[in-house]
Amino acid sequence: MPELAEVEYYRKQWDEGLGAKIVAVELHARKRVFRGSNTRALREQLIGSRFTESTARGKQMLFRFSGANWLGLHLGMSGTLRTERADFTSGKHDHLVLRQTKTALIFRDPRLFGRVRFHRGEAAPAWWSTAPEIASDDFSGRYVADFLKRHSRAPIKAVLLLQNGFPGVGNWMADEILWRARIAPETRAAALSLPQLSALRRATRFVSREGMRIIGNDFSDPPPSWLIHQRWKTGGVCPRHKRPLARATIGGRTTTWCEKCQPK
Ligand SMILES: [Zn+2]
């Protein structure tokens, strides 16, 4: 499932079309990705409008068009964004194609867990998440402590996966963060000491910033010292001292950690 860094990579794929007008819209209106959206209005409003701006917040992306038009995109499990030449012929999984005179902007999603939402209005739609971005100043020590307090009985691994608190953090990032902060994934949120809280916040910022920079740019790999490379390997080891990693399901998700670095 795409996480923050991958979402950032895909968001940028449409940059090529910035400033240009949409001249045609092709979409598969009956596909699940358009659930709850008025596809007729989407088509009528977007044709003739200009693509002006895009932002990603956590796993959500918002694309702005002139004439107070907005498209929200969520990649789900298998969604991708790309551009092609204007004369490209769309395939069966290309559920939304915005054609410009030089470029075609494409949303593809074979498994249909993604979502396309159309919105009209001067302001961004209400569903646009209000959680602070991890890179922003609002993602402060106070903010993290308050959020953990609201979920004090949950294991910290599960809390890191809550999108209304840690937007964009997914399963591999959560494991990477906890390994760097040296916190056992099953630790209750309320049981974290002050130094652990600040280590958690630092690691969250580091993994999202570096993840965005490395993966978000060209989908290249983080350095070999990252836990991510060992997570799914049979016989994966802690990058620090090569000890075999522990595995369990925590908060409903497969979790990998090092019992030496992250003692209970
Ligand atoms: Zn270790």
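Each residue of the sequence shown is one higher than the one before, starting from 17 at the first, in our numbering. Every residue, glycine too, gets a C-beta built ideally from N, C-alpha and C.
Separation of residue j from residue i, as counted between CA atoms
| i | j | result |
| --- | --- | --- |
| residue 270 | residue 93 | 16 angstroms |
| residue 188 | residue 246 | 11 angstroms |
| residue 159 | residue 206 | 14 angstroms |
| residue 109 | residue 21 | 23 angstroms |
| residue 280 | residue 165 | 20 angstroms |
| residue 263 | residue 274 | 9 angstroms |
| residue 266 | residue 278 | 15 angstroms |
| residue 96 | residue 41 | 17 angstroms |
| residue 35 | residue 81 | 9 angstroms |
| residue 136 | residue 57 | 9 angstroms |
| residue 46 | residue 122 | 17 angstroms |
| residue 192 | residue 117 | 43 angstroms |
| residue 48 | residue 59 | 17 angstroms |
| residue 203 | residue 127 | 34 angstroms |
| residue 76 | residue 251 | 34 angstroms |
| residue 256 | residue 214 | 21 angstroms |
Test: residue i CB closer than 9 angstroms to a CB of chain C
| i | result |
| --- | --- |
| residue 117 | Annotation note: the requested chain C is absent from the structure, which comprises a single protein chain. |
Residues that residue i bridges to, as DSSP identifies them
| i | result |
| --- | --- |
| residue 106 | None, per the DSSP bridge assignment. |
| residue 78 | 71, 88 |
| residue 115 | 40, 120 |
| residue 135 | 86 |
| residue 253 | 260 |
| residue 98 | 122 |
| residue 271 | 264 |
| residue 171 | 204 |
| residue 66 | 37 |
Heavy atom of ligand 1 within 8 angstroms of residue i beta-carbon
| i | result |
| --- | --- |
| residue 276 | yes |
| residue 257 | yes |
**Q.** Any alpha helix (DSSP H) of 4 or more consecutive residues that is wholly inside the stretch 175-250
**A.** 187-197, 210-234, 244-247
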